[in-house]
Structure formats: C-alpha cells, structure tokens
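Residue numbers (our numbering), protein chains in the order written: chain P, 1 to 113; chain U, 114 to 228. See below for the structure under consideration.
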Amino acid sequence: AQKITQTQPGMFVQEKEAVTLDCTYDTSDQSYGLFWYKQPSSGEMIFLIYQGSYDEQNATEGRYSLNFQKARKSANLVISASQLGDSAMYFCAFSRGRRALTFGSGTRLQVQP
Amino acid sequence: DVKVTQSSRYLVKRTGEKVFLECVQDMDHENMFWYRQDPGLGLRLIYFSYDVKMKEKGDIPEGYSVSREKKERFSLILESASTNQTSMYLCASSPTSGGEAETQYFGPGTRLLVL
C-alpha cells in the first residue's frame, strides 16, 4: 500500500522568505501523481500544484514549486516570498489506482510578520 | 469554477441517530469521494464512487454507507451514529481525464459532533 509521510507537524517562516515543506512517499507503482493542497482555518481544501511521475520538469504555479526527486521518492513543496495569507495546513497527497488520493498527516505553516 | 457544496457546515447529533451528509457538485464529474479528517491523521478515504449507482469502499468504511442515485449528488450515511464518528467530513469530486485533470475539488466540509 502507498504511504505518504510529512515529517514536519509545524513550521514557522518569516514573511517574504521562502519555505520548504517536506513530503516523501512509498510506492512500487511506475505511474502516479503527487498533489499539494492548502487548508486554511475555514476548512476547505484548496488545490495548489500537481506533479506526474513521468514529468521531467518540476511543476510550478506562481509562488509554488514542487521539488520532485523521483529516485528519493520525495515531492517537497517550496513557497517563495511567503505571505501572511499562506498560514494554513498543507497536505501532500498521492494518486493511486481508481483515482483516489492518499494524504499525508499535514504540516501547519505559520507565517510571521 | 468547480463548485462542490455540502448540506451543512456544522451538525450535532445524538448517539444512535441516523445521519445523512449530502454533497453536490456542478461540474458533471464522474468521480466523487467522502473523506474524514482527524487531527494528526490527515484525510482518510471512507467511500468513493466513479459512476451513478457505483460505489467502492475506501480505507475506513465501517459504520458508513453511501448512495449515488444521480451523477451530481453523493450522500454519506451514518446508520447509527457513534461518538467516535465525531469528525470533519469532506466531500470531493474529480473528472476522469488522467493526470492533473483528475485533480480532486473539495467542498467546505461538515464538522459533525456526536453526543
């Protein structure tokens, strides 16, 4: 069974600095997808970024980028120029067969002014 | 924009009650999902459906059932609510197109308290 690990329960970052949120996964599949979601205090899960296992380039979406290291089975999220509104829970997720997602336990990011 | 709505943001029920959580999506997505979220455990899949009247068990289906009579609506049913079902319940939907196009879009969640 696939497993997603987020080892940082909480992170602090100063406003305008970059921060990296770690995510590792364990799978024997060759074809898979990795997602990052943001969950603000309101509770809604917001899709941020996607990386396919066959994508050669790291995914980027605005201030978000995904540092994908396939051999190490890691898919870290990098947020550049942190903003106060980035304070939230962040979840890494793995897409498996039948189109369901397996989620990590999340990292709570707090951006300090 | 994809919109996924859930019938209640907050719900308080008594032990033993039958509880219905409703989810509706407006983007004609084939796939719909129910997750529960508990602190430190992330999101865990309860049930999912990839077509009308089709359903598959997720990782924690015990104590739950689902119904999908129409493509846009996916209901989660707690047959006899128990205190250990107090949780945040999140519904999601996705198309069946492969890769990034299968991104799941979530509703606002229902915080259920069972007394």
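Heads up, the beta-carbon is just placed ideally off N, CA and C, and yes, glycines get one too. What you are looking at is a predicted structure, and each value in this text was computed from that prediction instead of being measured.
Candidates the options: closest to residue i by CA position
| i | options | result |
| --- | --- | --- |
| LEU21 (chain P) | P:ALA100, P:ARG96, P:ALA88 and P:GLN57 | P:ALA88 |
| GLY104 (chain P) | P:ASP26, P:LYS70 and P:SER65 | P:ASP26 |
| TYR50 (chain P) | P:THR102, P:LEU109, P:PHE94 and P:ARG108 | P:PHE94 |
| ASP29 (chain P) | P:ASP55, P:PHE47, P:PRO40 and P:GLN2 | P:GLN2 |
| LEU158 (chain U) | U:LYS166, U:VAL137, U:ARG149 and U:THR128 | U:ARG149 |
| HIS142 (chain U) | U:LEU225, U:THR223, U:ALA205 and U:GLN119 | U:ALA205 |
| GLY85 (chain P) | P:GLN57, P:GLN8, P:ALA59 and P:ARG63 | P:ARG63 |
Boundaries of the beta strand (DSSP E) in which residue i is found, first to last residue
| i | result |
| --- | --- |
| GLU182 (chain U) | 177-183 |
| ASP151 (chain U) | 144-151 |
| ALA104 (chain P) | The sequence given here has Gly at residue 104 (chain P), not Ala. Careful: GLY104 (chain P) lies outside any beta strand (DSSP E) and carries neither H nor E. |
| PHE26 (chain P) | A small fix is needed here, since residue 26 (chain P) is Asp in this sequence, not Phe. From DSSP, the beta strand (DSSP E) with ASP26 (chain P) extends over 24-26. |
| GLU135 (chain U) | 132-138 |
| TYR37 (chain P) | 33-39 |
| GLN51 (chain P) | 46-52 |
| GLY80 (chain U) | With chain U represented from 114 up to 228, any question about residue 80 (chain U) goes unanswered, as that position is not in the structure. |
| LEU21 (chain P) | 19-21 |
| SER188 (chain U) | 186-191 |
| THR7 (chain P) | Segment: none, THR7 (chain P) is in no beta strand (DSSP E) and carries neither H nor E. |
| ASN58 (chain P) | Neither: ASN58 (chain P) is in no beta strand (DSSP E) and is coded neither H nor E. |
| THR223 (chain U) | 223-227 |
| VAL165 (chain U) | No beta strand (DSSP E) contains VAL165 (chain U), which DSSP labels as neither H nor E. |
| ILE79 (chain P) | 74-79 |
Residue-chain proximity (residue i, chain P), Cβ-Cβ < 8 Å
| i | result |
| --- | --- |
| PHE187 (chain U) | no |
| LEU228 (chain U) | no |
| PHE133 (chain U) | no |
Closer than 8 Å to chain U by CB, residue i
| i | result |
| --- | --- |
| MET45 (chain P) | yes |
| PHE94 (chain P) | no |
| ALA100 (chain P) | yes |
| TYR50 (chain P) | yes |
| SER41 (chain P) | no |
| SER87 (chain P) | no |
| SER105 (chain P) | yes |
For residue j and residue i, believed in contact at Cβ under 8 Å, the rounded distance
| i | j | result |
| --- | --- | --- |
| TYR177 (chain U) | GLU169 (chain U) | That pair is no contact at about 13 Å. |
| ALA100 (chain P) | GLY171 (chain U) | 7 Å |
| GLU185 (chain U) | GLN119 (chain U) | Actually they are not in contact, since the Cβ atoms of GLU185 (chain U) and GLN119 (chain U) sit about 13 Å apart, beyond 8 Å. |
| VAL132 (chain U) | LYS126 (chain U) | 5 Å |
Residue i at chain A interface by Cβ criterion, 8 Å
| i | result |
| --- | --- |
| PHE12 (chain P) | The structure shown contains no chain A; the protein chains it does contain are P and U. |
For the segment 192-226 of chain U, enumerate the residues whose C-beta is nearer than 8 Å to any C-beta of chain P, in chain order.
-> Answer set for the segment 192-226 of chain U: MET201, LEU203, ALA205, SER207, THR209, GLY212, GLU213, GLU215, THR216, GLN217, TYR218, PHE219, GLY220, PRO221, GLY222 and ARG224.
Scan the segment 152-172 of chain U for residues whose Cβ lies nearer than 8 Å to a Cβ of chain P and list them as they occur along the chain.
-> Taking 8 Å as the Cβ-Cβ cut-off against chain P, the residues of the segment 152-172 of chain U that qualify are GLY153, LEU154, GLY155, LEU156, ARG157, LEU158, PHE161, TYR163, GLU169 and GLY171.
Listed from N- to C-terminal order along the chain, which residues in the segment 55-81 of chain P have their beta-carbon within a distance smaller than 8 Å of any beta-carbon of chain U?
-> If the cut-off is 8 Å between Cβ atoms, the segment 55-81 of chain P has nothing near chain U.
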